[in-house]
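Heads up: the sequence shown begins at 233 in my numbering, then just goes up one per residue. Where a beta carbon is used, it is the ideal one built from N, C-alpha and C, also for glycine. None of these values were measured; they are calculated from a predicted model. The structure under discussion appears below in the form of C-alpha cells.
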Amino acid sequence: TENGCMWALPGGHRIPVKSRSKLNAARTATITDVFDQEPYPTEGLVPLEAPRGTLVLLNGTLPHRSGPNLSDKPRHAYTVHVIDGRAKYLDDNWLQRPQLAMNGFSN
C-alpha cells in the first residue's frame with residue numbers, strides 16, 4: 233500500500249451515490265455535484281493490491297480512493313471507462329471526448 237494503491241469499500245456499490253463529477257457551465261473544468269454531505273464510510277476499506285498486469289474492474293458506483301505514492305517506484309495504470317449502450321450519457325458528464333465519437337461494441 234506504500235505505492236498509493238486503490239482502496240475500496242466492499243458492498244459500497246449498494247450505498248446511494250453521494251456525488252458526481254460533471255462539467256461546469258462553460259465546459260472548461262470539472263466540478264462536483266453533491267447529493268449527500270455525509271462522507272462515505274472509511275471503516276472497512278480494503279486495499280486492492282494488484283500485481284503488475286492485473287485487471288481491476290469496478291462498478292461505477294463503488295466508493296474507491298487512492299493515496300499518494302510514497303514509494304520510490306512509479307505506479308502506472310491504464311483507465312478504461314465502459315458504459316451500457318442503453319444508458320443515458322449526460323451531456324454534462326465529466327468524461328467527454330469531443331474529438332472522437334463514442335463507439336459501441338455491437339456487431
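Length of the line joining the Cα atoms of residue i and residue j
| i | j | result |
| --- | --- | --- |
| Pro330 | Asp323 | 11 Å |
| Thr314 | Ile247 | One detail in the question is off: residue 314 reads as Val in this sequence, not Thr. Distance between the alpha carbons of Val314 and Ile247: 21 Å. |
| Ser253 | Tyr272 | 16 Å |
| Ser251 | Lys320 | 17 Å |
| Thr264 | Ser298 | 18 Å |
| Leu287 | Glu281 | 11 Å |
| Arg318 | Phe267 | 24 Å |
Sequence-distant residues of the same chain with beta carbon closer than 7 Å to residue i, five excluded per side
| i | result |
| --- | --- |
| Arg307 | Asn235, Gly236, Asn301 |
| Glu275 | none |
Residue from the options whose Cα sits closest to the Cα of residue i
| i | options | result |
| --- | --- | --- |
| Val278 | Lys320, Leu327, Met238 | Met238 |
| Val312 | Ala333, Leu327, Thr262 | Leu327 |
| Lys305 | Thr260, Arg284, Leu255 | Arg284 |
Spatial neighbours of residue i in its chain, beta-carbon cut-off 6 Å, leaving aside the 5 residues before and after
| i | result |
| --- | --- |
| Asn339 | Model confidence at Asn339 stands at a pLDDT of 49, short of 50, so the residue's coordinates are unreliable and nothing is read from them. |
| Thr343 | One cannot answer for residue 343 here, as it falls past the ends of the chain, which runs 233 to 339. |
| Ser303 | Glu234, Asn235 |
Residues sharing a beta bridge with residue i, DSSP
| i | result |
| --- | --- |
| Asn325 | Lys254 |
| Val314 | DSSP, once it has assigned bridges, lists no residue as partnering Val314. |
| Val249 | Paired residue(s): none; Val249 is not in a bridge. |
Residue-level contact to chain B via CB, residue i, 8 Å cutoff
| i | result |
| --- | --- |
| Met238 | In the structure shown, chain B does not exist; there is a single protein chain. |
So, does the segment 242–252 touch the segment 280–297, judging by three or more C-beta pairs under 8 Å? yes
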